[in-house]
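Data first, discussion second: the structure below is written as C-alpha cells.
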Amino acid sequence: MRPRSGESNSPHVSLSSTRLTRRGFLGAAAFGTALAVAACRAPATVSPPTANAAASSTAPATPTAAPTALAAPTTAPPATDTTVAPTATTVAAAATVASSTAALTPTDSNVDAEDETPSETEGPYFKANSPERASVIDAGVTGTKLTISGRVLSTRGQPIAKALLDFWQANAQGSYDNAGYTLRGHQFSDAEGHYQLVTVVPGLYPGRTRHIHVKVQAPNHPVLTTQLYFPNEPRNSSDPLYNPKLLLPIQDAPDGSKVATFNFVLNVG
Ligand SMILES: [Fe+2]
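Just so we're aligned: the sequence shown equals residues -2 to 266 in my numbering.
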C-alpha cells in the first residue's frame, strides 16, 4: 500500500486525444455512509471463499488474451502503459458483456464533446496481462458487490464496438493484488458499445479517496487512462486527483448490492 504521493509520481499517461466521461450522474445522497461502512465489513452479497483459495492464488492461470496491442496508440505511451490491449482474437467475447442492450438506441444524442471523459494518472498498481472477464470477483474476495454498466461512446454519441476496458482496483480492505490478478480484468465493448463490470466496492488506502482505475481504448486509437469515483466520500474534497466528472452514480440494488451506470466518451474523431 502506498500513499498518494506514489500515485502522483507514477507515470501519467497524457493521452489527451482520447478520454472518458460519465453520463447520467445520479447522486445517491444516502450512499456515502453506507459506502464507508462497506469498506470495513464483508456484506453477504459477495460469497466468501468456498475453497482454500488464498488471495495470491486467485489470479487466473492464464489470461485468455495475451496483451499485444489491440490498437497501436498514435501517441506512444510510457512503458508501463503499452501492454493494456489484449489480442483481437478475444474480441468476440465482448458479446458476453451486454445483457441490457435492448432498451438503448445505438446512438446517444445527448452526448457531445463536453462529455468527453477526462484522463487521470495511472498510479503505481497497474498490471499488464489481466484476464479477460466481466467479473473480477475471485474466490476469497469479500465486500459489497458493485455492478457498473454503461457504454463506450464517441463524442458524437456513436457507440464504439470492440473497445478495450481494463479495470483494476483495491479490495475492500484497501489493498491491491500485486502478485496476482484479483480485482483486475479486461473486457471489450459489444457492437453497441456496452460493457459491464462486476466487482466489489474498493476500500480506502492512505492518501486517496475511494476509486477504481480503468484504461479504455477504442480500436486504432490511443489508450485513455482514468479513474472512477464514489459519491459522498469524505476524502473526495481532499484528494487532488478527484474529478466530479468521473463520479459513479451509485444506487442501491434490491439484493443489497450497489449498481451504477457510467458511459465512457472518447474523442475518436
Ligand atoms: Fe489506486
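Glycine residues also receive a C-beta, built at the ideal position from the N, C-alpha and C atoms.
Computed from a predicted model, the values in this text were never measured in an experiment.
Proximal residues to ARG130 (C-beta, below 6 Å), its chain only, five neighbours per side dropped: Within the sequence shown, numbered from 1, the residue matching residue 130 stands at position 133. These residues qualify, in order along the chain: GLY182.
For ALA110, the three-state DSSP class (helix, strand or coil): Numbered from its first residue, the sequence shown carries residue 110 at position 113. Three-state DSSP puts ALA110 in a helix.
TYR178 vs PRO121 beta-carbon contact at 8 Å: As a position in the sequence shown, residue 178 is number 181, starting the count at 1. As a position in the sequence shown, residue 121 is number 124, starting the count at 1. Cβ distance not < 8 Å, so TYR178 and PRO121 don't count as in contact.
beta-carbon ALA169 near ligand 1 non-hydrogen atom, thresh 7 Å: Your numbering for residue 169 matches position 172 in the sequence shown. No.
Straight-line Cα distance separating PHE261 from LEU201: Working through the sequence shown from its first residue, we reach residue 201 at position 204. Working through the sequence shown from its first residue, we reach residue 261 at position 264. Cα to Cα, LEU201 sits roughly 24 Å from PHE261.
Residues near ILE134 in its chain [Cβ-Cβ closer than 8 Å; skip 5 each side]: In the sequence shown, the residue the question calls residue 134 occupies position 137. VAL43, LYS142, LEU180, VAL195, THR196 and VAL197, listed in sequence order.
Counterpart residues of ASP249 in DSSP-defined beta bridges: Locating residue 249 in the sequence shown gives position 252, counting from the first residue. According to DSSP, ASP249 bridges with LYS255.
Within the stretch 135 to 217, ranges of the beta strand (DSSP E) (whole runs, at least 3 residues): For the beta strand (DSSP E) assignment, the uninterrupted runs of no fewer than 3 residues enclosed by the stretch 135 to 217 are, from N- to C-terminal side, 142 to 151, 161 to 165, 181 to 185, 191 to 197 and 208 to 214.
Beta-carbon spacing of LEU245, PHE259 below 8 Å: Here residue 245 refers to the residue found at position 248 of the sequence shown. Here residue 259 refers to the residue found at position 262 of the sequence shown. The answer is yes: Cβ separation under 8 Å.
Rounded straight-line distance, which links the Cα of VAL256 to that of ASP249: As a working mapping, residue 249 is identified with position 252 in the sequence shown. As a working mapping, residue 256 is identified with position 259 in the sequence shown. Each residue's Cα considered, the two are about 6 Å apart.
Closest Cα partner of PHE185 within the set PRO241, ALA160 and PRO103: Stepping through the sequence shown from its first residue, residue 185 is reached at position 188. PHE185 has its Cα closest to that of ALA160, out of PRO241, ALA160 and PRO103.
Given ASN240 as reference, the closest of ASP105, SER116 and ALA110 once Cα atoms are compared: Residue 240 sits at position 243 when you count from the first residue of the sequence shown. Of the listed residues, the one whose Cα sits closest to ASN240 is SER116.
Where SER116 sits in the DSSP three-state scheme: In the sequence shown, residue 116 corresponds to position 119, counting from 1. Three-state DSSP puts SER116 in coil, outside helix and strand.
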